[in-house]
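J.:
There are 2 protein chains.
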Amino acid sequence: MTTDTTVLDGLDFPAPALAVADDVADLLFREARTVAEFLPGEVSDEQLAAVYDLVKWGPTAMNTLPLRLLVVRTREARERLAAQMSEGNRERVLAAPVTLVVATDTGFHQHLPTLAPHAAALKDVLEGQPETREQMARTNALIQAGYLIVGLRAAGLGAGPMAGMDFAGVDAEFFADNGWKSLLVINVGNVEGTGTPRPRAERLSYGQVATSV
Amino acid sequence: MTTDTTVLDGLDFPAPALAVADDVADLLFREARTVAEFLPGEVSDEQLAAVYDLVKWGPTAMNTLPLRLLVVRTREARERLAAQMSEGNRERVLAAPVTLVVATDTGFHQHLPTLAPHAAALKDVLEGQPETREQMARTNALIQAGYLIVGLRAAGLGAGPMAGMDFAGVDAEFFADNGWKSLLVINVGNVEGTGTPRPRAERLSYGQVATSV
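In order, the protein sequences belong to chains A and B.
The first sequence begins at 2 in this note's numbering and counts up by one.
The second sequence begins at 2 in this note's numbering and counts up by one.
1. Using 7 Å as the threshold, is the C-beta distance between residue 19(A) and residue 50(B) below it?
2. With a threshold of 16 other CB atoms inside 10 Å of the CB of residue 48(A), please say whether the residue is buried or exposed.
3. Under three-state DSSP, which class holds residue 206(A)?
4. Counting contacts by CB-CB distance shorter than 7 Å, is residue 187(A) in contact with chain B?
5. Pull the bridge partners of residue 159(B) from the DSSP assignment, please.
6. Ignoring anything shorter than 3 residues, give me the beta strand (DSSP E) runs that lie fully in the stretch 127 to 178 of chain B, in order along the chain.
7. Where DSSP assigns a beta bridge to residue 102(B), which residues make up the other side?
8. Closest by CA to residue 202(A), which one among 162(B), 61(B) and 103(B)?
9. I need the DSSP call for residue 211(A), collapsed to helix, strand or coil.
10. On the three-state DSSP scale, how would you describe residue 40(A)?
11. Of the choices 35(A), 164(A) and 192(A), whose alpha-carbon is the least far from that of residue 200(A)?
12. Got a sec: is the Cβ-Cβ distance from residue 7(B) to anything in chain A below 7 Å?
13. With distance defined between alpha-carbon atoms, name the residue in 120(A), 205(A), 208(A) and 91(A) nearest to residue 166(A).
14. Can you tell me the Cα-Cα spacing of residue 116(B) and residue 63(B), whole angstroms?
15. Check for me: the alpha helix (DSSP H) holding residue 115(B) runs from which residue to which?
16. Can you pull the DSSP bridge partners for residue 86(A)?
17. Please confirm if the stretch 92 to 101 of chain A is in contact with the stretch 133 to 145 of chain A, defined as three or more CB-CB distances below 8 Å between the two stretches.
18. If the criterion is Cβ atoms closer than 7 Å, does the pair residue 204(B) and residue 124(A) meet it?
19. For the alpha helix (DSSP H) holding residue 55(A), just list the boundary residues, first then last.
20. Quick check: the Cα distance between residue 130(B) and residue 23(B), rounded to an integer number of angstroms?
21. Going along chain B, which residues have a C-beta under 8 Å from residue 205(A)?
22. Counting beta carbon pairs with one atom in the stretch 63 to 80 of chain B and one in the stretch 156 to 164 of chain B, are three or more of them shorter than 8 Å?
23. Please work out which residues of its chain come closer than 7 Å, Cβ to Cβ, to residue 59(A), disregarding the five sequence neighbours upstream and downstream, and give them in chain order.
24. With distances taken from CA atoms, which of 32(A), 119(A), 98(A) and 27(A) is nearest residue 65(A)?
25. Let me make sure I understand the geometry here. Which of 126(B), 152(B), 104(B) and 170(B) has the alpha-carbon closest to that of residue 185(B)?
26. Find the residues of chain A that neighbour residue 123(B), judging by a C-beta separation of less than 8 Å, and give them in chain order.
27. What residues in the stretch 71 to 82 of chain A bring their beta carbon closer than 7 Å to a beta carbon of chain B?
28. Measuring CB to CB, does residue 110(B) end up less than 7 Å from residue 127(B)?
29. Nearest to residue 206(B) by CA position, among 37(A), 164(A), 46(A) and 54(A), is which residue?
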């Protein structure tokens, strides 16, 4: 990294070194791609548990940890999910080694006495505030979804996140009983190492997204 | 990792190896902590740009990249921000080396012709759908906030995310002109290496958050 240069506000300067090696930065971000077609090979529950056991440490507001995962493996479940996806995403769900419905638990507050003992009283307060709960659940599970995508890559897996779906339909199909709300779907499977030659889409620069006061 | 064991549905098994070394997993997730007090030392714009240049590669729906950052440095800006924070968070904003207001741009669609040329027509469609835009903006910027927190740690920085704030107040104070919406605030600064002795809060296990179909 030390020989790269970055343009910030028209000024060239050597990019500061990261605390992780280039191959890690490549694996997690720079060379990773959203995957549409996976290599053959299963993804085990043990692999998914190892990913979760990594990303569960990422911070959430008051340690609420509202992220929930529906692991879709069987042919019958894949077809039920595919029926709720946008047309262009259906075949991907049917073909992926495993598909995760990333969801949030609007009943996350039940765990607060364990997860945040200093805020245990909030459990009863939130019981009477379903709208606040739903907003907290969505916000924090989406941040955790970001950790999850990085974590899948840290486990050497490829991730194909998709948002083209009927969220209410997915919730009715799979979460009628548990109060989970679907946020996105991620196909997961094996991929080749980093360095695919496919060109990357443009990104906004730091100068385009950041402003200082 | 290969000698660790994880309990999944009551069954012990050796945890699969990650594709990153233990020190990386520790730095990004396992030993990282939400930071309330930082070591002395500035955080430069160059460091923040390097973090963004890493995390900008993380996937968003249609490459929308709605994350925006307000970098709060001056005493006057810190005080304006602190006035919008919950009481317990004010001193932290005033004391942090630098504070980021993580926001989303509800006008993200203006960039679609560059970021997603195949979906450029969506720019005009979304122009007339402000509610859809706001939802897309929030969802995808929150996922990017997850990448950002990992990216700050990958740059060796400590992150102290906070959600106890008056979001509408922050938006009125800082984003009245640009249509950004605040999502959370992150204090950023230098920290000691991994391995702080402070005990971690509980986490939910994979068996508690995941179910299979």
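Glycine is no exception: its CB is placed at the ideal position from the N, C-alpha and C atoms.
T.: So, to answer that:
1. Result no, Cβ atoms of residue 19(A) and residue 50(B) do not sit closer than 7 Å.
2. The residue in question, residue 48(A), is buried, as its Cβ has 16 or more Cβ neighbours within 10 Å.
3. In the three-state reduction of the DSSP assignment, residue 206(A) falls in the coil class, being assigned neither a helical nor a strand state.
4. Not one chain B Cβ lies under 7 Å of residue 187(A).
5. Looking at the DSSP assignment, residue 159(B) forms a beta bridge with 190(B).
6. As far as the stretch 127 to 178 of chain B is concerned, its whole beta strand (DSSP E) runs of at least 3 residues are 158 to 163.
7. Answer is 71(B) and 186(B).
8. The shortest Cα separation from residue 202(A) among 162(B), 61(B) and 103(B) belongs to 61(B).
9. Residue 211(A): strand per DSSP, three-state reduction.
10. In the structure shown, residue 40(A) adopts extended strand secondary structure according to DSSP, grouped into three states.
11. Sorting 35(A), 164(A) and 192(A) by C-alpha distance to the C-alpha of residue 200(A) places 35(A) at the top.
12. Bear in mind that a pLDDT of 47 at residue 7(B), under 50, signals an unreliable position, so the model cannot answer this.
13. Out of 120(A), 205(A), 208(A) and 91(A), the CA that lies nearest to the CA of residue 166(A) is found in 91(A).
14. The straight-line gap separating the alpha-carbon atoms of residue 116(B) and residue 63(B) is approximately 8 Å.
15. Boundaries of the alpha helix (DSSP H) harbouring residue 115(B): 113 to 116, taken from the DSSP string.
16. Looking at the DSSP assignment, residue 86(A) forms a beta bridge with 166(A).
17. Three or more beta-carbon pairs separated by less than 8 Å are not found between the stretch 92 to 101 of chain A and the stretch 133 to 145 of chain A, which leaves the two stretches without contact.
18. The answer is no: Cβ separation not under 7 Å.
19. Residue 55(A): member of the alpha helix (DSSP H) spanning 46 to 56, first to last residue.
20. A direct Cα-to-Cα measurement between residue 130(B) and residue 23(B) gives close to 46 Å.
21. Going along chain B in sequence order, the residues near residue 205(A) (Cβ under 8 Å) are 57, 66, 112 and 116.
22. Using a C-beta cut-off of 8 Å, the stretch 156 to 164 of chain B makes no contact with the stretch 63 to 80 of chain B, since fewer than three inter-stretch Cβ pairs fall below that distance.
23. Sequence-distant partners of residue 59(A) (beyond 5 residues in either direction) whose C-beta falls short of 7 Å from its own C-beta, in its chain, are 145 and 148.
24. For the residues 32(A), 119(A), 98(A) and 27(A), the minimum Cα distance to residue 65(A) belongs to 119(A).
25. The shortest CA-to-CA distance from residue 185(B) to any of 126(B), 152(B), 104(B) and 170(B) is the one to 104(B).
26. Neighbours of residue 123(B) on chain A: none; closest Cβ ~12 Å, over 8 Å.
27. Those would be 71, 72, 73, 74, 75 and 78, in chain order.
28. Yes, they are a contact pair.
29. The shortest C-alpha to C-alpha distance from residue 206(B) to any of 37(A), 164(A), 46(A) and 54(A) is the one to 54(A).
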